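Engineer:
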Amino acid sequence: SNNTGFVQSAATDAIRETQIGIHEQRQSAIEQQINTNQENLVNETAEHRRIRLEKQKQRDQSNRSNETNEKRKIRLENQNQRTKSNRLHEKREECQSRLEKQKQRDQSNRLNEKSEERQSRLKKKNKESEAKQIELKQLVDKSTSNTLNIQQQNFSAQLNETEPKALWDTHDMHDFTNNEDITTKKQSSISSLWPESISRNLKEDCLQKFLQKMSMAALSEATCAVCNVRTQTQKLKKLPVAKIPHIDLLKVPDALKDFIKTSQTSAVQYADEHIGISENESVIQMTRPTQSSL
1 SNNTGFVQSA
11 ATDAIRETQI
21 GIHEQRQSAI
31 EQQINTNQEN
41 LVNETAEHRR
51 IRLEKQKQRD
61 QSNRSNETNE
71 KRKIRLENQN
81 QRTKSNRLHE
91 KREECQSRLE
101 KQKQRDQSNR
111 LNEKSEERQS
121 RLKKKNKESE
131 AKQIELKQLV
141 DKSTSNTLNI
151 QQQNFSAQLN
161 ETEPKALWDT
171 HDMHDFTNNE
181 DITTKKQSSI
191 SSLWPESISR
201 NLKEDCLQKF
211 LQKMSMAALS
221 EATCAVCNVR
231 TQTQKLKKLP
241 VAKIPHIDLL
251 KVPDALKDFI
261 KTSQTSAVQY
271 ADEHIGISEN
281 ESVIQMTRPT
291 QSSL
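Numbering (the UniProt record's numbering), first residue to last: 1 to 294.
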């Protein structure tokens, strides 16, 4: 029996040592693989990185297409937990760096995406926005309903407190029923007077549009130097006078200048002939030119 126990203990020790050796070999292989992957990541070019990410994306898509709803739910929950844990322990600089990298990735993906991918992304974004709007509306409706119920209960309590106790002693059951009907009608009329609450997003959008339309930049006007038309400053373009195209066409022609001078001279002569100043009375008198008889 002693020999048997010795053999069994020796066999157990041998099995344990074998398992430990296998575990150490596995750990060593994993560490070597990690080091190799890190060296490859450091030395890889942009093209190799793009190919690696594309293959990884294909593997992920293949795995996700074959997974069940339960596995997908578990994977998303684990991913959310890891993300929350990482963001809780990250520093401010790490958070800013992560957001900056995420922004760069989004910009790069949007620049390289096809029209179909862009349409799909926008549709998905619209669906998420609609889902959030529906959820927000449900929360607002629920909150409004709870508020109305509380107000109706308070109003009913106030009515019950203000009613004299003598009415309950003198009126019969028919009057009691009528009082309940009147109270119900009052409550329904009060609840019908309450308007539906306006969502916060709609208020913010209306306020933003109002501020945009009533801002000084939108209301300011100026006169165009080319067409002499007064319009909004936002629609005008500032240019140095020397850089205005075809500026020679904007100069006043000499014929028009001569015509203006002639018209002004004629107007002055006409005024001199028809307006005279009386030295005796010190007033301006209208005079008519005398026509010489032939």
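Glycine residues also receive a C-beta, built at the ideal position from the N, C-alpha and C atoms.
Everything numeric in this text was worked out from a predicted model, so none of it was measured.
Do you know how far the Cα of Asn-35 is from the Cα of Ala-14?
Structural biologist: If you take the alpha carbons of Ala-14 and Asn-35, they lie about 31 Å apart.
Engineer: Can you tell which of Gln-234, Lys-257, Glu-135, Val-226 has the C-alpha that lies nearest to the C-alpha of Lys-243?
Structural biologist: Measuring C-alpha to C-alpha distances from Lys-243 to each of Gln-234, Lys-257, Glu-135, Val-226 identifies Val-226 as the nearest.
Engineer: Which of the three DSSP states, helix, strand or coil, is assigned to Ala-255?
Structural biologist: helix
Engineer: Output the boundary residues of the beta strand (DSSP E) element that contains Thr-231.
Structural biologist: Run containing Thr-231: 230-232, per the beta strand (DSSP E) assignment.
Engineer: From what residue to what residue does the beta strand (DSSP E) around Ala-222 run?
Structural biologist: 221-223
Engineer: Which residue marks the beginning of the alpha helix (DSSP H) containing Ile-74, and which one marks its end?
Structural biologist: Residues 69-89.
Engineer: Using the three-state DSSP reduction, which class does Met-214 fall into: helix, strand or coil?
Structural biologist: coil
Engineer: Note down the Cα distance separating Glu-93 from Arg-87, rounded to an integer number of angstroms.
Structural biologist: Whole-angstrom Cα-Cα distance: 12 Å.
Engineer: Whole angstroms is fine: what's the gap from Lys-71's alpha carbon to Glu-31's?
Structural biologist: Straight-line Cα distance between these residues: approximately 28 Å.
Engineer: Please state whether the Cβ-Cβ distance between Glu-221 and Gln-212 is less than 7 Å.
Structural biologist: Inclusion of Glu-221 and Gln-212 in the CB contact set at 7 Å is not warranted, their separation being larger than that value.
Engineer: DSSP three-state label for His-246, please.
Structural biologist: coil
Engineer: Alpha carbon to alpha carbon, how far is Ala-131 from Leu-111? Give it in angstroms, no decimals.
Structural biologist: 27 Å
Engineer: Quick check on Ser-199: does DSSP put it in helix, strand or coil?
Structural biologist: coil
Engineer: Roughly how many angstroms separate the alpha carbons of Glu-113 and Gln-104, rounded to a whole number?
Structural biologist: Each residue's Cα considered, the two are about 14 Å apart.
Engineer: From Arg-121 to Gln-107, what distance separates their C-alpha atoms?
Structural biologist: 13 Å
Engineer: I need the straight-line Cα distance from Ile-150 to Gln-133, nearest angstrom please.
Structural biologist: 26 Å
Engineer: Express the C-alpha separation of Ile-20 and His-55 in angstroms, rounding to a whole number.
Structural biologist: Correcting the residue type first, residue 55 is Lys in the shown sequence and not His. Looking at the two C-alpha atoms, the distance is approximately 35 Å.
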